[in-house]
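Following UniProt numbering, the numbering of the sequence shown begins with 1 at its first residue and continues without gaps. By construction, the Cβ of each residue, glycine as well, lies at the ideal position given by its N, Cα and C atoms. In this text the structure is predicted, and so the values were computed from the model without any measurement. For reference, the structure is listed below as structure tokens.
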Amino acid sequence: MRSLSTATNARNLAPEEDEPAEEQDPEAQLEYAAISLHALTGIRATTYHTMKIWVEVGSKRLTALLDSGSTHNFINPEVAEELHLPSK
1 MRSLSTATNA RNLAPEEDEP AEEQDPEAQL EYAAISLHAL TGIRATTYHT MKIWVEVGSK
61 RLTALLDSGS THNFINPEVA EELHLPSK
């Protein structure tokens, strides 16, 4: 089963360019989620296959954006909480 990440601000998904790199154990490397600009803005791109579909979770009808350029699954934190979905 895939895990869901919550995202409210895309700038929090990756380290800042200006931040000094901390020395880490190679096994303790962080994994940063990537979401395409097209998925964030809802713009359709010609290079990626993006679809907007309706999904039903329990009795709730939601809109999902399927984007082949994204590396992780994202959901609004309030929606995840309302549906009692576990998230990272």
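Expected contact under 8 angstroms - CB spacing of residue i and residue j to nearest Å
i             : j          : result
leucine 83    : valine 57  : 5 angstroms
isoleucine 75 : leucine 65 : Their Cβ separation, rounded to whole angstroms, is 11 angstroms, which puts isoleucine 75 and leucine 65 out of contact at 8 angstroms.
Sequence-distant residues of the same chain with beta carbon closer than 6 angstroms to residue i, five excluded per side
i             : result
isoleucine 53 : Ala64
leucine 62    : Val55
Three-state secondary structure (DSSP) of residue i
i            : result
threonine 50 : strand
threonine 63 : strand
Cutoff 7 angstroms; reference residue i; Cβ partners in own chain excluding five residues on either side
i         : result
lysine 60 : Leu83
Below-7 angstroms beta-carbon distance, residue i vs any chain C residue
i          : result
leucine 85 : As a matter of chain content, chain C is missing from the structure shown, which is built from one protein chain.
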